[in-house]
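Residue numbers (the working numbering): 710 to 1353.
Note that CB positions come from ideal geometry on N, CA and C, so glycine has one too.
Read the structure below first, then the notes.
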Amino acid sequence: MVNGSRDETTDEREWETPPISFVNGANVTAADGDALREMDWPACWECAADLLDWNRPFDAVLDDDGVTRWFPGGRLNASYNCLDRHVRDGRGDEAAVTWEGKLGESRTYTYRQLLDEVNSFAAALRDLGVGEDDVVTLYMPMVPELPIAMLACARIGAPHSVVFAGFSADALATRLTGADSEYLITCDGYYRRGTALYLKGKADNACLSVGQEVEQIVVNRLADGDSVGDHHSYEKLVRDHAGAEVAPVERGSDDLLFLIYTSGTTGKPTLVGHTTGGYLAHVTWTSRAVFDLDPEDTHWCSADVGWITGHSYAVYGPLACGATTILYEGTPDHPEKNRLWEVIERNEVDVFYTAPTSVRSFMKWGSKYPAQHDLSSLRLLGTVGEPIDETAWHWYREHVGGGECPIVDTWWQTETGGVVLSTLPGADRMRPGAVGRELPGIEAAVVDEMGKRVAIGESGRLVLTQPWPGMARSLCTETDWGARRTGTVDGEWQYDTGDNAIRDADGYFHLLGRADDVLNVSGRRLSTAEIESAIVGADGVSEAAVVGGTDTVTGSKVHAFVSPESNVAGDEALRKRVRSAVESAIGPIAVPETVTFTPSLPKTRSGKVVRRYLKAITNGEDLGDTSALRNPEVVGELESLLDE
Ligand code: WT7
């Protein structure tokens, strides 16, 4: 498919259907889906807002007088919606958070226990002087104190700013300053693959370089007791405030719930703000409609809480629905490659949500690991973060989902706050490799450089053409079209997502990767995602990334970096299979000029391949700073390979 040729309609073989058992019990059935899609789009979002408890009802769904405001006039508190109302409704003894620690330990908080600890910590924060609208930075690994701190901040109306624990002291300092935050909650350290990592040292260095007073609260994870130097001990604060009750602060719908930096795969990380009413309504409704969550469900979103995915679908969404959320501190392959499946079996997880890059790793390790466990509790699987190729999709469904579970391929961004494109698992058929249509209440389109719609089957830029409640606050006012923001085209509001996509005749979107990941070969636009998907279809390939080279004749040529499956050699035979897979899927024009084998691809800590480095290596350019990578060593190895 070059420049898009998905205009042929439905080929029955491409469709997969959810099992009847799922369809019958789904939160959104086919009839509900149709009814929602026929509603006015603001009416859909009113249904979402009705899932929340409001202290003061909103006057309107949306006010769009220059600045978009969701549920104006409404007042609510996010921690009340995630905790108190479930206890009030008699579900205090049900599990809210189950934490699976790195050393094999496990701890469950019921809704009542979680509420108690949130109350104590909220009281402590108040005593330390944290007031409404003061930004509190959380620099913590995947420990239960992280969601507790988030909810305690939400309770007193102090926006939190979670900084991923893998970031450096410098990165933390920039984020403390950028968010104008004078409070930092951190941890003495944590374990990674059995080794202790010290976080506190990095936090101290960051605070030193910020140049203003930062009040630190430290959770002891490595050490016992309260010894935290000059800083406050989390344990002691909670103990000293045991039994405290803090009335949830009523926040305006439009008031900030939290700040978060975009992961910054491309360009500079930017600070994004999410609102209390709009964001919470969006993630609560999508948790019910897309992840089909009910109070009796156990949901596991494997993303780190440091990313938006963890905020929306490991903390706020599942807790607002009254479900149980799993918080996993470990890595998928430690101590053994069956760890995730063991956690799913032990906790009887209903819904598992992860990234395609993880699915490809599971595939590489082999189906014998999931096969060792009883995964029959799973009813639904999800993916997010990048396109999932058909091979990985089928493997995931077969070996994790028992051949039955529906899979939701959910497209969204830090800026959208929650899922905007996905199938509704109880209502829609699935087309592996495509994300599905817009959710009810969302309008999207594929447009050319001028913002005009392209034909069905043509590739172009994915834009959202109506606001949605989870939208980042900056999108409500900014009109800087050039900077991947919002603008008006022929009187129509558009948000440029920065992704390229094709919409097929059934209305399903096929994501082609970031616009800046598009290659131009002899004047033809090729998408990296499409070539990569062809390559991983070749026998023996685990993962692949392609980039453009600089060539004076053909513009750019395709260069592929390929990671073979374990026990498969990166040799001439595999190289041939890679080339012929691309040739048959797309055509000779897309066949890679070079195929370089590597044990792994350079990735951000959130698991996204950073093609920018591969491009620099290919074209002999300066690499710049690689410290934000999860595996910076691989870049050096690749450089030396190409020099040979
Ligand atoms: C970018 C957003 C919010 C989720 C994770 C990271 C890519 C996301 C999909 C998908 C294809 C996807 C897009 C998007 N992306 N989901 N299902 N299929 N691509 O959030 O760091 O803000 O990244 O992730 O390129 O723009 P983020």
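Would you report the Cα separation of residue i and residue j, rounded to the nearest angstrom?
i       : j       : result
MET710  : PRO1141 : Confidence is the limiting factor: at MET710 the pLDDT is only 35, short of 50, which leaves the residue's position unreliable, though a coordinate-based value still follows. Computed Cα separation, rounded: 16 Å.
VAL981  : GLN1081 : 42 Å
VAL1277 : GLU959  : 59 Å
THR1263 : GLU891  : Any reading at THR1263 needs caution, since the residue's pLDDT is 48, under 50, leaving its predicted position unreliable; the model's value is listed next. Their backbone Cα atoms lie some 53 Å apart in a straight line.
GLY1258 : GLY1329 : 10 Å
ASN1165 : ILE1211 : In the sequence as presented, Asn is not what sits at residue 1165; that position holds Ile. Answer to the nearest angstrom: the Cα atoms are 7 Å apart.
THR1150 : LEU946  : Reading off the sequence, residue 1150 comes out as Gly, not Thr. Taking the straight line joining both Cα atoms gives about 44 Å.
THR1018 : GLY801  : 26 Å
ASN929  : VAL1052 : 25 Å
THR1303 : PRO1311 : 18 Å
VAL1093 : GLU1124 : 14 Å
LEU1049 : ASP1331 : 38 Å
ASP810  : ARG816  : Asp is not the amino acid found at residue 810; the sequence shown has Gly there. Each residue's alpha carbon lies about 8 Å from the other.
GLU1201 : PHE967  : 29 Å
LYS1285 : ILE1240 : 15 Å
ILE969  : ILE894  : 15 Å
ASP762  : HIS941  : 34 Å
ILE1298 : GLY1222 : 19 Å
ASP1248 : ASN1209 : 28 Å
ASP1205 : PRO728  : 36 Å
ALA1153 : SER1183 : 19 Å
ALA990  : ALA863  : 15 Å
VAL927  : LEU906  : 15 Å
ASP798  : PRO1041 : 36 Å
THR886  : GLN925  : 15 Å
GLY898  : VAL937  : 12 Å
ALA932  : ALA1224 : 47 Å
Start and end of the beta strand (DSSP E) containing residue i?
i       : result
LEU812  : LEU812 -> no beta strand (DSSP E), and no H or E assigned at all.
SER887  : Note that residue 887 is Gly in the sequence shown, not Ser. GLY887 -> not in any beta strand (DSSP E); alpha helix (DSSP H) instead, spanning 878-887.
SER1275 : That residue, SER1275, is in no beta strand (DSSP E); it is neither H nor E in DSSP.
GLU1201 : 1201-1212
TRP1009 : 1007-1010
VAL1256 : 1250-1257
VAL845  : 845-848
THR777  : 776-779
PHE1218 : 1218-1223
Could you spell out where the alpha helix (DSSP H) holding residue i opens and where it closes?
i       : result
GLN667  : Here the chain comprises residues numbered 710 to 1353, so residue 667 is not present and cannot be evaluated.
PHE830  : 820-836
SER962  : First-last for SER962: undefined, no H or E at that position.
ALA867  : ALA867 -> no alpha helix (DSSP H), and no H or E assigned at all.
HIS950  : Here HIS950 belongs to no alpha helix (DSSP H), and DSSP marks it neither H nor E.
CYS791  : Per DSSP, CYS791 belongs to no alpha helix (DSSP H) and is neither H nor E.
ARG1162 : Looking at the DSSP string, ARG1162 is not in any alpha helix (DSSP H), and its letter there is neither H nor E.
CYS756  : 750-758
ALA744  : 739-747
VAL1245 : 1237-1245
CYS916  : 909-919
Return yes when the Cβ of residue j is within less than 8 Å of the Cβ of residue i, no when it is not.
i       : j       : result
GLN1359 : VAL1172 : No information on residue 1359 is available, as it lies outside the stretch 710 to 1353 that the chain covers here.
ALA832  : ALA956  : no
TYR988  : MET851  : no
VAL999  : VAL1117 : yes
LEU1148 : CYS1114 : no
HIS1268 : PRO1301 : yes
PHE830  : ALA858  : yes
ASP1137 : LEU1089 : no
GLU922  : ARG1069 : no
GLY1126 : SER1242 : no
PRO1364 : GLU1095 : Only positions 710 to 1353 of the chain appear in the structure, and residue 1364 is not among them; the question remains open.
VAL1250 : VAL1287 : yes
PRO856  : VAL1014 : yes
LEU1220 : TRP1120 : yes
THR777  : GLU803  : no
SER996  : LEU785  : no
MET849  : CYS916  : no
Practice prompt. Kindly confirm or deny that the stretch 1030-1043 and the stretch 988-1007 touch, where touching means at least three C-beta pairs closer than 8 Å.
Written response: With a cut-off of 8 Å, the stretch 988-1007 and the stretch 1030-1043 count as touching, because enough Cβ pairs lie within range.
Discussion item. As an exercise, report each continuous alpha helix (DSSP H) stretch of at least 4 residues that is fully enclosed by the stretch 1305-1336, in chain order.
Written reply: Counting whole runs of 4 or more residues, the stretch 1305-1336 contains the alpha helix (DSSP H) stretches 1320-1327.
Worksheet item: Is the number of C-beta pairs between the stretch 1174-1186 and the stretch 1092-1109 that are closer than 8 Å three or more?
Response: Segments in contact, no.
Practice prompt. Return the chain-ordered ranges of every beta strand (DSSP E) run that is complete within the stretch 1057-1137 and spans a minimum of 3 residues.
Written response: Qualifying beta strand (DSSP E) stretches, in chain order: 1060-1063, 1089-1093 and 1116-1119.
Discussion item. Between the stretch 856-869 and the stretch 840-847, can you find at least three pairs of beta-carbon atoms closer than 8 Å?
Written reply: These segments touch.
Practice prompt. Decide yes or no for the touch test of the stretch 767-777 against the stretch 786-804: beta carbon pairs closer than 8 Å, at least 3 of them.
Written response: Touching, no.
Practice prompt. Would you list, in sequence order, the uninterrupted alpha helix (DSSP H) runs of no fewer than 4 residues that lie entirely inside the stretch 998-1040?
Written response: Entirely contained in the stretch 998-1040, the alpha helix (DSSP H) runs reaching 4 residues are, in chain order, 1026-1029.
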